[in-house]
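Residue numbers (the working numbering), protein chains in the order written: chain A, 11 to 483; chain B, 1167 to 1599.
Note that the Cβ used here is the ideal one computed from N, Cα and C, for glycine as well.
The model shown is predicted, which means the values in this text are computed figures rather than measured ones.
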């Protein structure tokens, strides 16, 4: 009898082991399909645009009784494909569907009680209200006009991402059937170019260099520098011929050097500042790590200087060429559109970089607010005076420099960029901007892949249209 | 309160469980309760009441808890099976009725268990034949790598379920006769005569392990044998030696015989990526189901059983893996309650053994109870990965006619034994037990 008690005790012990002590690791086991199957039985919460009316994702039921399962539907089709992502049982999840999965499935709610555990029936997902602006998003898609590229617009003082568009887009409703085709597509429609693609930022990087130069106290906007070309940078001659600023300049101020985007000036300034100072300011802007966005880690890429192996390096590179958004064999400057929008945002918010975010708030089915995402400061990049000076310099770029195509009532400050990808042929064109000049409400980054034109002629008009739409709304 | 009144009261929780359980399952299924639940509960309870009246008439002094405990388990099993597969629950209910009928028949036919002692060799032969029959060409069928079933025309049954009763009866009577020899043997002079029975049974267990391919039954029989040996001789050394032999044999075959080795490998690491969707699938899914249960379970009728395609996620959910579903739906607490119920049943069985006055009765009660308890251990232990998983039913609960009927015969034997033992005690003491 004692033996039976011992044996049965063993049974209880092992049952406890699986149900309690090792339950979590069993649930996380990749061979365990139960969590997925069970989530199918939960109506995921809706995802809404910032207006609270436009439904970006919703669930509908099929089957009945114990066979009742919920499937996702995306009423806006391709429009919000990248920020929202998708969630399907066979295809997994991406975008906000992934990063806000716990809320959308009603999990880890702080209001959960043991009573909920026992009854456990009728679990419902919470609703996610995003920061995304439908008008601005549509304007960006229209302005890109089918060209591959990305647009990110955010509110500098809150970090709210109002527009995140990456072209080509995909229709999340097609993901269950067309997944293989989407994965194979050479245009990589599933790739979020706004957060995952790192491009040479070209002359938009000069904003970072200018911040480093002025905030470190070594230069002022009125410092006079030599604009001669060519100039030896890291022992190799650099000229102004092939970028936007062309030709040989005489002595000029930093403001003038930014307005005309003079490569040799900024390369020389960066060499004088040194790699350490440049890297320090890049890191303050958020380079060298994934942006703190509420988005899946797997879909966020860091920006910075990459060596040939694709690893980030913070030493040994050609700082002069990095400072103008290019680089050399030891290290190539690359940045995501999101990162460049953050650069503009930090300038617009008087030096304070806010954490970018896609979620406004999370609301329970009964209407109670489960979580309100408050603005949060990521870092103090520069002094407020520095930011004001940089903004004034960038205003010059739009009023009389390379970006006159972006002019709007209320004023715009910006910086163009044109990085050669293939000699003389295709350019990665950029424009980063903030508007309006007094109390900027929006910061924006626009990039277009393999363009024949220049940042000022291609990217600046796109930014103008998006900003127009946002400022109107 | 008389023993029979206690038995009657014991049936009240059973009826509550049946009605409540069916209601819970139906609520989650159709969201409205119809009178089916009441009908099911009433029929089930009617059968139990009839059996109770019969016991009252023929075995007035039998243990009052055995029958309600068995009915409780059977009721629980019916609800679980109904929840998994309605059609199978219907079959199981019919078999339940048959089982009760066989219980009645056994008691009528076998007023007294002692004649069994006289036919021990006949019974032993029948038992061995039953155990071997699945291996016979034309009769046996292989299920999941083990030879367990026999099909005779449309009827297919698992003879091991009945074989186990025959073997226990034989061992009890055999050990009753030879215990003197076994007890007298002292270590310096232990001869083949003393160890003979031990070796024979050990050999039989190993034979089953390798040729019937059924570690579970092998462990069950040998464990029951050791329990009998201990009760017969009161010598721990023999029992320990026997256990050592079994362990050594099992270890040896696990290393040398391919299919035994496979089972052990699956047991040690079911999550190996090469196995988890093949041989390891069943045990892995069983553990996943239990992990989902947690402390309180998902609730009656809430467990996830099907893939979206309608295929079952848990293989053999209504037989081998029914315990995993119990854990999934009722959680650790429900599982503990279930194990406690089995423990109470075993306690009543062993109590019958201690009350019995003659050696054969003592041994028979011990053997029957031990084989019952070990069967629970083998299947629940398999499902919870205490030991390698083998296909044995969970007594009174799993779907399966042979198992349910054999266990009702086992219950009948225990009832006869306890009736006898308690009456003898009562007469000796001159009072009512």
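Boundaries (first-last residue) of the alpha helix (DSSP H) holding residue i
i	result
residue 454(A)	From DSSP, residue 454(A) is part of no alpha helix (DSSP H) but of the beta strand (DSSP E) over 452-461.
residue 1298(B)	1286-1298
residue 1248(B)	1232-1250
residue 269(A)	264-269
residue 273(A)	273-283
residue 5(A)	Residue coverage of chain A in this structure runs from 11 to 483, which leaves residue 5(A) outside it and unanswerable.
residue 51(A)	Element bounds for residue 51(A): n/a, residue is neither H nor E.
residue 21(A)	12-26
residue 158(A)	Residue 158(A) -> no alpha helix (DSSP H), and no H or E assigned at all.
Whole-angstrom distance between residue j and residue i, CA atom to CA atom
i	j	result
residue 1331(B)	residue 1511(B)	17 angstroms
residue 48(A)	residue 161(A)	37 angstroms
residue 1180(B)	residue 1503(B)	14 angstroms
residue 304(A)	residue 27(A)	35 angstroms
residue 1424(B)	residue 1437(B)	20 angstroms
residue 1369(B)	residue 1415(B)	9 angstroms
residue 364(A)	residue 168(A)	6 angstroms
residue 284(A)	residue 334(A)	14 angstroms
residue 1282(B)	residue 1224(B)	19 angstroms
residue 106(A)	residue 372(A)	12 angstroms
residue 1297(B)	residue 1264(B)	23 angstroms
residue 73(A)	residue 108(A)	25 angstroms
residue 323(A)	residue 344(A)	12 angstroms
residue 123(A)	residue 374(A)	Confidence at residue 123(A) is low in this model, with a pLDDT of 48, below 50, so the placement of that residue is unreliable and no value is reported for it.
residue 465(A)	residue 267(A)	17 angstroms
residue 244(A)	residue 326(A)	11 angstroms
residue 1523(B)	residue 1529(B)	11 angstroms
residue 255(A)	residue 307(A)	Caution is warranted here: a pLDDT of 47 is assigned to residue 255(A), below 50, making its placement in the model unreliable, and no coordinate value can be reported.
residue 201(A)	residue 453(A)	23 angstroms
residue 455(A)	residue 431(A)	19 angstroms
residue 1568(B)	residue 1323(B)	6 angstroms
residue 205(A)	residue 383(A)	20 angstroms
residue 1531(B)	residue 1427(B)	35 angstroms
residue 1576(B)	residue 15(A)	21 angstroms
residue 1463(B)	residue 1234(B)	25 angstroms
residue 1519(B)	residue 1286(B)	19 angstroms
Collapsed DSSP secondary structure at residue i in the structure displayed
i	result
residue 481(A)	helix
residue 392(A)	coil
residue 1342(B)	helix
residue 81(A)	strand
residue 151(A)	helix
residue 441(A)	strand
residue 354(A)	helix
residue 305(A)	coil
residue 1262(B)	helix
residue 241(A)	strand
residue 177(A)	strand
residue 1553(B)	coil
residue 1532(B)	helix
residue 200(A)	coil
Continuous beta strand (DSSP E) stretch holding residue i: start and end
i	result
residue 66(A)	65-72
residue 340(A)	First-last for residue 340(A): undefined, no H or E at that position.
residue 96(A)	96-98
residue 379(A)	379-382
residue 432(A)	423-432
**Report entry** Residues in the region 1530-1541 of chain B having any Cβ partner in chain A nearer than 9 angstroms
**Finding:** In summary, the residues of the region 1530-1541 of chain B whose CB is separated from some CB of chain A by less than 9 angstroms are 1535, 1536, 1539, 1540, in the order they occur in the chain.
Query raised in the report: For the region 321-334 of chain A against the region 192-207 of chain A, are there 3 or more C-beta pairs whose distance is under 8 angstroms?
Result: Touching, no.
Query raised in the report: If you measure beta-carbon to beta-carbon, which residues of the region 1248-1282 of chain B are closer than 8 angstroms to chain A?
Result: Within the region 1248-1282 of chain B, no residue qualifies.
Query raised in the report: Quick check: the region 461-475 of chain A against the region 169-178 of chain A, are there 3 or more CB pairs under 8 angstroms?
Result: Contact between the region 461-475 of chain A and the region 169-178 of chain A is absent: fewer than three C-beta pairs spanning the two stretches fall below 8 angstroms.
Query raised in the report: Quick check: the region 284-299 of chain A against the region 233-253 of chain A, are there 3 or more CB pairs under 8 angstroms?
Result: Touching, no.
Requested in this report: Return the residues of the region 15-27 of chain A that lie within a Cβ-Cβ distance of less than 8 angstroms from chain B, sorted by chain order.
Outcome: Of all residues in the region 15-27 of chain A, 15, 17, 18, 20, 21, 22, 24, 25, 26, 27 have a Cβ within less than 8 angstroms of some Cβ in chain B.
Query raised in the report: Residues in the region 29-44 of chain A with C-beta within 9 angstroms of chain B's C-beta atoms, listed in sequence order?
Result: Listed in sequence order: 29, 30, 32, 33, 34, 35, 36, 37, 39, 40, 41, 42, 43, 44.
Query raised in the report: Pairing CB atoms from the region 418-426 of chain A with CB atoms from the region 136-151 of chain A, are three or more of them under 8 angstroms?
Result: For the pair of segments examined, the region 418-426 of chain A was found not to touch the region 136-151 of chain A: the number of CB pairs separated by less than 8 angstroms stays below three.
**Report entry** Three-pair Cβ contact test at 8 angstroms for the region 399-419 of chain A versus the region 353-368 of chain A
**Finding:** Contact between the region 399-419 of chain A and the region 353-368 of chain A is established, with three or more Cβ pairs separated by less than 8 angstroms.
Query raised in the report: How do the region 55-72 of chain A and the region 88-100 of chain A stand: do at least 3 beta-carbon pairs fall below 8 angstroms, yes or no?
Result: At 8 angstroms Cβ cutoff, the stretches touch.
Query raised in the report: When the Cβ atoms of the region 313-320 of chain A are set against those of the region 176-194 of chain A, are three or more pairs found closer than 8 angstroms?
Result: Because the criterion of three Cβ pairs below 8 angstroms is not met, the region 313-320 of chain A and the region 176-194 of chain A do not touch.
Query raised in the report: When you check each C-beta in the region 1422-1438 of chain B against every C-beta of chain A, which residues fall closer than 8 angstroms?
Result: Here the close residues are 1437.
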